[in-house]
Amino acid sequence: MVRSQYDVIVVGGGIAGCFAAATAAAEGIDVVQLERKPREEGGFIACGDAIKSPRNPRNYPGPIDMDAIADDEAVLVDNNIEQIEWWDEQLDVRKVLPYEEGSNVVDRYEFGQRLLEQAADRGVEQHYDTVVHEVTQNDRVTGVKAIRDGEPVTYECDVLIDAAGAQSILQDMIDFEGLDTPTEPTFEVPHYTHFGSAYREIIETEEPVEYHNAIVGKPLEEMGYIWYFPRTPTVINVGLGFQMNKEPIPLTDRLRRDVENRPEFRGATVAEKFDRKDKLGSSIALRRPLDSMVAPGYLAAGGAAGTTHPITGKGIRGAAYSGYSAGRAAVQAIEDGDVSEDGLWEHNRWLYREHGEAAKLASWDAYNVAASSIDVNVLRAVTALLPETELQEIVGTSTKVDGLKSKALVGTGVLRNLVTEYRKGTFETLDVSRGELYEAILGVRKTRNYVSEYERQYEAYPADRSSFERWRSERNRIDRAFYDDLGLPPSDYKY
Ligand SMILES: Cc1cc2nc3c(=O)[nH]c(=O)nc-3n(C[C@H](O)[C@H](O)[C@H](O)COP(=O)(O)OP(=O)(O)OC[C@H]3O[C@@H](n4cnc5c(N)ncnc54)[C@H](O)[C@@H]3O)c2cc1C
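The opening residue of the sequence shown carries number 0 in numbering that gives the first Met the number 0; numbering runs sequentially from there.
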């Protein structure tokens, strides 16, 4: 058996893996990146391919040169997306929201390939065709065992960065209770209901689609959505996903049914990649980022840490900044000679307090909890009623609807939409009663208040490990108050 020693092992050749590996290697640290796929398939990943502005360094911090990637025409094939559209076609409802400037739909494979190349350029050693099947540990995580090109290999390290994606298999391999932590481990493995199952195809149409400047979402019968994200006017990423706390949907059949009924997709074909149809599915984190993303000798980033938007499922940007944070924290801990929970805490601190976007995602998860608690028809009725400004806030992570005046405008918008939708017969079509509607609108108001309360709590995230338990018990108190207010039975509590 081959045995190799590195400062840092990164498992995963996705976005989080590349950002983590490049960040650590750029500081002169010895980094190996392990990826189960072959080199030419690196970056070939199930995704809707919609990304937030690649040129914004807050979205993509660290040594990866995102300007070069954004300038690369093989990645940003079209550069044309201006807005998000929400269509509830049965109800004749269409909402149009602006998309963050510079945001786009990329060729995800080319994007992944460029990231891997840049990581290699920063000095990362990359081992493809390498499947990790065991994590080694004593009082800390010490490395992994893998099969590389059919041969067993043991890798040893000071810090293992888990960038193996949503439902990371590494987390099932580690005995977190067996690691040396002052009290209970702060790291908790997420439950499967915190994930979604999603599937996409790349299809090529005969004619340009009308909505070539928009990413489009539509409701599914279970909580989730179908999307059409145009990479170019004739190359469309179509897909769908649902959360695993709902009844499963046969994803491929459901998507086919939808696509076959659309006139703009008549004659369309599924694109090919590596001599097969370009169709992929995967799981997706639909929860708040983990309370703690560290354990002795171990850091989690990207899908493995839950840094995905809990409503939209967008996680490219979260994978990038959390990967950067993991690489940075690993270097610091190794330099300090302390890879304990405490020594690696900087990863949590930076994400929750300094960068802050993890705190936003965690707070916004309240909208996921509230939406999961009501019937999908009630949810569609509420979506029809809410003005675009409020919807934009829910699918983003910034509070635009602040102050009494804007709240009053939202109220007026709801009333105006109520009249329109009432006249159209929307509530009859959905079989939603006035009482249900009233309760649900009230629920949105309550949820917004809890989002603010969560935000205040996450702003106070502990700067070091010592006050974590106190902080978490206060956050858990907010959870319970929220669930009570929503009238959830304990069996439906998300956490
Ligand atoms: C269908 C779908 C559509 C999506 N659409 C969007 C979207 O439009 N926009 C957006 O921002 N986000 C979207 N997301 C979410 C986004 O794709 C993820 O959040 C993001 O890819 C997470 O990146 P990551 O690097 O953490 O993990 P991944 O991209 O999943 O990478 C993990 C890597 O680890 C490797 N790996 C796993 N286990 C092992 C092992 N045991 N040994 C070796 N290697 C291993 C995998 O092969 C993979 O390459 C979507 C997700 C899905 C599933």
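Each residue gets a CB set at the ideal place from its N, CA and C atoms; glycine is no exception.
One thing to note: Asn-212 has its Cβ no nearer than 8 Å to the Cβ of Gln-391. Here DSSP, grouped into helix, strand and coil, assigns Val-105 to coil. Contact between Arg-54 and Gly-101 is confirmed by a C-beta separation of about 5 Å, below the 8 Å threshold.
The shortest CA-to-CA distance from Asp-364 to any of Ala-462, Ala-380 and Thr-311 is the one to Thr-311. Just measuring C-alpha positions, the residue of Met-65, Ile-201 and His-308 sitting nearest Thr-268 is Ile-201. In the DSSP annotation of this structure, the continuous segment of the beta strand (DSSP E) that includes Arg-147 starts and ends at 140-147.
With a threshold of 7 Å, the Cβ atom of Tyr-5 does not count as near ligand 1, since no heavy atom of the ligand is closer than that.
Leaving aside the five residues that flank Ser-282 on each side, the residues in its chain whose CB is nearer than 7 Å to its CB run, in chain order, Ala-165, Gln-166, Phe-194, Gly-195 and Ser-196.
When only Cα atoms are considered, Gly-296 and Arg-469 end up about 24 Å apart. Within the segment 0-65, the complete beta strand (DSSP E) runs of at least 3 residues fall at 1-10 and 30-33. For Tyr-366 and Glu-353, the gap between their C-alpha atoms comes out near 24 Å.
With a cutoff of 8 Å on beta-carbon distance, Val-104 and Ile-8 are scored as not near each other. For Gly-342, the enclosing alpha helix (DSSP H) stretches over residues 340-343. The three-state reading of DSSP puts Phe-241 in strand, counting E and B together. Secondary structure note for Ser-324: it is in no beta strand (DSSP E), and the uninterrupted alpha helix (DSSP H) holding it is 315-335. Within the chosen limit of 7 Å, ligand 1 reaches the beta carbon of Val-130 through at least one heavy atom. In this structure, DSSP gives Val-258 a helical state, which the three-state scheme calls helix.
DSSP places Gly-280 in the strand class (E or B) of the three-state scheme. In terms of CA proximity to Leu-169, Ala-294 leads the group Ala-294, Asp-483 and Arg-327. Non-local beta-carbon contacts of Leu-75 in its own chain, meaning distances under 7 Å to residues more than five positions away in sequence, involve Ala-69, Asn-103 and Val-105 in chain order. CA-to-CA, the gap between Ser-371 and Asp-335 works out to about 44 Å. Between ligand 1 and the CB of Leu-285, the shortest heavy atom gap is not smaller than 7 Å.
Residue pairing for Ser-196: DSSP places it in a beta bridge opposite Phe-241 and Ser-282. If you check the CB distance, Ala-162 and Glu-109 do not come in under 8 Å. Boundaries of the beta strand (DSSP E) around Val-130: 129-136. Val-123 places its beta carbon 8 Å or farther from that of Ser-3.
For Cys-156, the Cβ stays outside the 7 Å cut-off from all heavy atoms of ligand 1. Annotated as distal: Leu-114 and Cys-46, with beta-carbon spacing of 8 Å or more. For Ile-477, the uninterrupted alpha helix (DSSP H) run begins and ends at 467-485, by DSSP.
In the displayed model, Gln-166 falls within coil according to three-state DSSP, outside both helix and strand. DSSP places Leu-298 within a strand segment (E or B) once states are collapsed to three. Taking the Cβ atoms as the reference, Ala-21 lies roughly 11 Å from Ala-325, outside the contact range of under 8 Å. Separation of Leu-298 and Ala-480 (C-alpha to C-alpha, rounded to the nearest whole angstrom) is 31 Å. Listed in chain order, the non-local C-beta contacts of Leu-417 below 7 Å within the same chain comprise Leu-384, local neighbours out to five positions each way being set aside. Sequence-distant partners of Ala-462 (beyond 5 residues in either direction) whose C-beta falls short of 6 Å from its own C-beta, in its chain, are Arg-348. DSSP places Leu-385 in the coil class of the three-state scheme, outside both helix and strand.
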